[in-house]
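Input: a single structure, listed below in structure tokens.
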Amino acid sequence: MIDFGFSVSPSSRINLDNADKEKFARLAIAEPDVLKCMACGSCTASCTAGAFEDTSLRRAILSLQNGLSDDASKLLSHCMLCGKCTMVCPRGINTRHLILSIQKIYSL
Amino acid sequence: MKNNILVIGGGPAGLEASSILSRMGYNVILAEKEKLLGGHLAKWDRLFPDQVPAKEVLNDMLGRMDGVKCFTETKVNSINLLENSYNAMLSNGITVLADAVLLASGFDLFKAEKKEEYGYGIYEGVLTNADLEKAFQEGKKSSPAPRAIGFVHCVGSRDEKAGNPACSKVCCATAVKQAIETKELYPEADVYCFYMDLRMFGRHYEDLYLRAQKSGIRFIRGRVSEVAETAEGRLLVKAEDTLSSKPLKVTLDRLVLMAGMRPSKTGHDVGRQLNLSIEDDGFFSAKDGLQNLQKSKLPGFFYAGACTGPKTLPDTLHEARSAAMEIDRYIKENFRK
Numbered sequence: 009m010i011d012f013g014f015s016v017s018p019s020s021r022i023n024l025d026n027a028d029k030e031k032f033a034r035l036a037i038a039e040p041d042v043l044k045c046m047a048c049g050s051c052t053a054s055c056t057a058g059a060f061e062d063t064s065l066r067r068a069i070l071s072l073q074n075g076l077s078d079d080a081s082k083l084l085s086h087c088m089l090c091g092k093c094t095m096v097c098p099r100g101i102n103t104r105h106l107i108l109s110i111q112k113i114y115s116l
Numbered sequence: 144m145k146n147n148i149l150v151i152g153g154g155p156a157g158l159e160a161s162s163i164l165s166r167m168g169y170n171v172i173l174a175e176k177e178k179l180l181g182g183h184l185a186k187w188d189r190l191f192p193d194q195v196p197a198k199e200v201l202n203d204m205l206g207r208m209d210g211v212k213c214f215t216e217t218k219v220n221s222i223n224l225l226e227n228s229y230n231a232m233l234s235n236g237i238t239v240l241a242d243a244v245l246l247a248s249g250f251d252l253f254k255a256e257k258k259e260e261y262g263y264g265i266y267e268g269v270l271t272n273a274d275l276e277k278a279f280q281e282g283k284k285s286s287p288a289p290r291a292i293g294f295v296h297c298v299g300s301r302d303e304k305a306g307n308p309a310c311s312k313v314c315c316a317t318a319v320k321q322a323i324e325t326k327e328l329y330p331e332a333d334v335y336c337f338y339m340d341l342r343m344f345g346r347h348y349e350d351l352y353l354r355a356q357k358s359g360i361r362f363i364r365g366r367v368s369e370v371a372e373t374a375e376g377r378l379l380v381k382a383e384d385t386l387s388s389k390p391l392k393v394t395l396d397r398l399v400l401m402a403g404m405r406p407s408k409t410g411h412d413v414g415r416q417l418n419l420s421i422e423d424d425g426f427f428s429a430k431d432g433l434q435n436l437q438k439s440k441l442p443g444f445f446y447a448g449a450c451t452g453p454k455t456l457p458d459t460l461h462e463a464r465s466a467a468m469e470i471d472r473y474i475k476e477n478f479r480k
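Just so you know, the protein sequences line up as chains A and B, in that order.
Using my numbering, read the first sequence as starting at 9 and increasing by one per residue.
Using my numbering, read the second sequence as starting at 144 and increasing by one per residue.
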């Protein structure tokens, strides 16, 4: 193969047609409250780990909806399960429990 | 002697004000350009936030119209202000001498084909909020069931280039309501709402949003940028998921466009003859926007409903009632000394 000195980078566009909807549906059965997130960012703002590492439950949920579970894994990998986000969530989501369920279902 | 009052427009505002004025003892003449009374309400299936059938609401209003002289399929051909009353020639040949006029000309839906990138009138799967309500009214169900359906908020609203920088106020709640109804009709389908901001300002509206979320409807914060047809005849929809700052695409079978509110052309035809002032947004200018929403700059000429900007149905009904009160006060102060 001739090396032309350039490469083609893969598309970074989210493709919802390929998102794993079956896994997310399983998550929604185990944790119906995951559907209630309105992306306010309170969890991310109060996150103790987030002050040092890129950690965000809001973005992790969004990543799962968009079929990007690797991104979700990174965004939760520094979570210490302190539960501060549970206290601030205006929709009353048991975020701590949700994080554990995400890890179980997506085997993160 | 009963004073004549001319009401222009037989939608919710015109109907509500007419029945009240008639019960106050006035001689009310209503002119409606369409064959049927009810305006857009007659073309709607169910109403947000509680999904009350539009027909029930309209029938209640029509039931109070006894005593009002209604002319349908009738336009105001000409109108002019005499010394202290209005002389209007209607298209049915009748001339009305009215001591007060209420303009309740409402709105026209934004012509969705103007946003060509959404493909309305080009692709079969693209329809408007009004088309969907019509399908609901007719009890139509697609077979085979659509697998994925999207709703686009702010079509021809908050869009300077489309000539309408303002929010149309009712589309967010309408989209969420229609998304829920669509999901109920096709439970297996994926339903998406593409929004910029969710303006769920009214009582129970936020409940509607939560209900939609719980039923699995996905809200994507971003405006649809373009729609194309796939080889299979489905719709390839592109937008940015602004919450993750990434471009996004999805293939859908239906795309419902939330066409916003534009000033009514028929209203403009009347306004032009009396030189009524219109603001940059195309809607009529009330005497002032806080305390005198129903008054125009002309004595005895009043407004109610969406002719002065997008309004919800309850907003419109409140305005109709206050217009009736203002008209009553005006007549008593000027004609019964």
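Positions of the beta carbon are idealized from the N, C-alpha and C atoms, including for glycine.
With a threshold of 16 other CB atoms inside 10 Å of the CB of residue i, please say whether the residue is buried or exposed.
i: Asn-418(B); result: exposed
i: Lys-284(B); result: exposed
i: Lys-326(B); result: buried
i: Asn-74(A); result: buried
i: Cys-90(A); result: exposed
i: Asp-242(B); result: buried
i: Ala-288(B); result: exposed
i: Ala-467(B); result: buried
i: Gln-321(B); result: buried
i: Ala-355(B); result: buried
i: Val-16(A); result: exposed
i: Ser-248(B); result: buried
i: Ile-292(B); result: buried
i: Arg-301(B); result: buried
i: Val-334(B); result: buried
i: Ala-59(A); result: exposed
i: Ala-33(A); result: exposed
So with Cβ pairs under 8 Å, would you call residue i a contact of chain A?
i: Arg-464(B); result: no
i: Leu-391(B); result: yes
i: Leu-386(B); result: yes
i: Leu-179(B); result: no
Along chain B, in chain order, which residues have C-beta atoms closer than 7 Å to that of residue i?
i: Lys-31(A); result: By Cβ distance, chain B contributes nothing, its closest Cβ being about 14 Å from Lys-31(A), past 7 Å.
i: Leu-43(A); result: Gln-356, Lys-357 and Gly-359
i: Ser-20(A); result: Lys-389
Against chain B, does residue i count as a neighbour if the rule is that its beta carbon must be under 8 Å from one of theirs?
i: Asn-4(A); result: The structure shown does not extend to residue 4(A), since chain A is modelled only from 9 to 116, so the question has no answer here.
i: Leu-70(A); result: yes
i: Arg-67(A); result: yes
i: Ser-50(A); result: no
i: Ala-36(A); result: yes
i: Ala-47(A); result: yes
Anything in chain A within Cβ reach of residue i, meaning under 8 Å, just list it in chain order.
i: Arg-361(B); result: Gln-73
Using a Cβ-Cβ cut-off of 6 Å (strictly less than) and excluding sequence neighbours within five positions of residue i, which residues of its own chain qualify?
i: Ala-463(B); result: Ala-156, Glu-159, Ala-160 and Ala-447
i: Ala-80(A); result: Ala-68, Ser-71 and Leu-72
i: Glu-39(A); result: Leu-106 and Ser-109
i: Lys-176(B); result: Lys-218 and Thr-409
i: Ser-165(B); result: Val-171, Gly-210 and Val-211
i: Asn-122(B); result: For residue 122(B) there is no data in the structure shown, the boundaries of chain B being 144 and 480.
i: Gly-153(B); result: Leu-173, Glu-175 and Leu-180
What residues of chain A sit near residue i, judged by a beta carbon separation below 7 Å?
i: Thr-394(B); result: Asp-25
i: Leu-353(B); result: Lys-44
So, at 7 Å on beta carbons, what are the nonlocal neighbours of residue i in its own chain, with the 5 sequence-adjacent residues on each side left out?
i: Gly-49(A); result: Arg-66
i: Lys-258(B); result: Val-298, Gly-299 and Ala-305
i: Lys-312(B); result: Pro-453, Lys-454 and Thr-455
Fill in: Every unbroken beta strand (DSSP E) within the region 418-472 of chain B, with a cutoff of 3 residues, ordered by chain
Listed in chain order, the beta strand (DSSP E) runs fully inside the region 418-472 of chain B are 444-446, counting runs of at least 3 residues.
Item to complete: Just list the beta strand (DSSP E) runs in the region 221-297 of chain B, keeping only unbroken ones of 3 residues or longer that don't cross its boundaries, in chain order.
Response: Qualifying beta strand (DSSP E) stretches, in chain order: 229-233, 238-241, 243-246, 250-252 and 269-271.
Discussion item. So within the region 41-81 of chain A, which uninterrupted alpha helix (DSSP H) runs reach at least 4 residues, ignoring any that extend past its ends?
Written reply: If we require 4 residues or more, the alpha helix (DSSP H) runs fully inside the region 41-81 of chain A come out as 50-54 and 65-73.
Item to complete: Let me know the beta strand (DSSP E) ranges lying completely inside the region 362-411 of chain B, each 3 residues or longer, listed in chain order.
Response: Whole beta strand (DSSP E) segments, 3+ residues: 367-372, 378-384, 389-395, 397-402 and 404-406.
Discussion item. Restricting to runs no shorter than 3 residues, where is the beta strand (DSSP E) found entirely within the region 169-199 of chain B?
Written reply: Look at the region 169-199 of chain B and you find these whole runs of beta strand (DSSP E), each 3 residues long or longer: 170-174.
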